[in-house]
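In the working numbering, the protein residues as written are -17 to 244.
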């Protein structure tokens, strides 16, 4: 796993050269995406078998920050069903460009309260709920539109200051408070594991999320489900699966190195 990108990034960034290609290059890129996608699925199957888990219990989420819609389309047409963005400004344009396709859309980046209205119509799950002020404003917006939204509570289990997320010690109180907001449906937890080149060094921060999930379950909060653990990325998905991940977030291993605007 590569060193950290910007604070709170759910898949580290890497910068590359030109973004758009044509002709045979487009075909080669599409072939590479399909090949990479199948390779990641294979990694998930092998990891599940090694952990004694059913591969059907682990979903692959494609982290598509800065990835062009044309490339996302290739992955969806190859069977990807779950896609997530980190940046609010990318959500609507990609939603519109891919509106003819069936897939599930999540948001995994840090969400500012003033961008709630620009985001909520285009996603089915917010994986990064981490503060009361955001939860209350989200509840207000959902109530006004007579809607509900699935969320995961983001926890900073690696305790790195560069990352967003709840302190582990605050999770139970936060889950209790959010459970009283009837428009917000808590489905589980999310974390960004320790940034390290050695996946085993990330293991404690991933294991902590599973143990925190178990503690919240014991609260028996009405309307709260703790079925989802979103953790693990391109470099440490095997360890995450061993520790109980139900969603692994992969970008680089499918789309290649990120193409960042100059």
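We put the CB at the ideal spot given by N, CA and C, even for glycine.
If you check the beta carbons only, do residue i and residue j fall under 8 Å apart?
| i | j | result |
| --- | --- | --- |
| residue 90 | residue 237 | no |
| residue 186 | residue 218 | no |
| residue 235 | residue 216 | yes |
| residue 19 | residue 81 | no |
| residue 201 | residue 157 | yes |
| residue 95 | residue 146 | no |
| residue 83 | residue 232 | no |
| residue 161 | residue 204 | yes |
| residue 48 | residue 54 | no |
Grab me the residues of residue i's own chain with a C-beta within less than 8 Å of its C-beta, minus the 5 sequence neighbours each way, in chain order.
| i | result |
| --- | --- |
| residue 207 | 167, 168, 169 and 170 |
| residue 227 | 40, 188, 211, 212, 213, 214 and 219 |
| residue 31 | 37 |
| residue 197 | 153 and 154 |
| residue 61 | 19 |
| residue 192 | 211, 225 and 226 |
| residue 134 | 107, 108, 109, 110, 111, 168, 169, 170, 171, 172, 210 and 212 |
Apart from the five residues on each side of it in sequence, which residues of its chain come closer than 6 Å, Cβ to Cβ, to residue i?
| i | result |
| --- | --- |
| residue 190 | 139 |
| residue 199 | 208 |
| residue 107 | 88 and 132 |
| residue 33 | 223 and 224 |
| residue 165 | 121, 124, 125 and 130 |
| residue 100 | 70 |
Would you mind giving the Cβ-Cβ distance between residue i and residue j, rounded to the nearest angstrom? I have them listed as a contact below 8 Å.
| i | j | result |
| --- | --- | --- |
| residue 247 | residue 65 | Since the first residue of the chain shown is -17 and the last is 244, residue 247 is not available in this structure. |
| residue 76 | residue 98 | Actually they are not in contact, since the Cβ atoms of residue 76 and residue 98 sit about 18 Å apart, beyond 8 Å. |
| residue 124 | residue 116 | The Cβ separation is near 12 Å, so there is no contact. |
| residue 172 | residue 121 | Contact flag wrong, Cβ pair sits at about 19 Å. |
| residue 221 | residue 184 | 6 Å |
Beta-carbon of residue i versus every beta-carbon of chain C: anything under 8 Å?
| i | result |
| --- | --- |
| residue 29 | As a matter of chain content, chain C is missing from the structure shown, which is built from one protein chain. |
From the DSSP output, which residues share a beta bridge with residue i?
| i | result |
| --- | --- |
| residue 212 | 172 and 229 |
| residue 222 | Per DSSP, none; premise fails for residue 222. |
| residue 264 | There is no way to answer for residue 264, as the model of the chain reaches only from -17 to 244. |
| residue 200 | DSSP lists no partner for residue 200. |
| residue 45 | 66 |
| residue 166 | 131 |
| residue 194 | Per DSSP, none; premise fails for residue 194. |
| residue 56 | For residue 56, which the question treats as bridged, DSSP gives no partner whatsoever. |
| residue 137 | 148 |
Here's a check: name, in chain order, each residue in its chain whose Cβ is nearer than 7 Å to the Cβ of residue i, leaving out the five neighbours to either side.
| i | result |
| --- | --- |
| residue 159 | 114 |
| residue 104 | 73, 74, 77 and 87 |
| residue 149 | 138 |
| residue 22 | 42, 232, 235 and 236 |
| residue 3 | Confidence at residue 3 is low in this model, with a pLDDT of 49, below 50, so the placement of that residue is unreliable and no value is reported for it. |
| residue 63 | 85 and 86 |
| query | Within the chosen definition, does the segment 21 to 28 reach the segment 67 to 75 through at least 3 CB pairs nearer than 8 Å? | reply | By the C-beta criterion, the segment 21 to 28 is judged not to be in contact with the segment 67 to 75, since fewer than 3 inter-stretch pairs fall below 8 Å.
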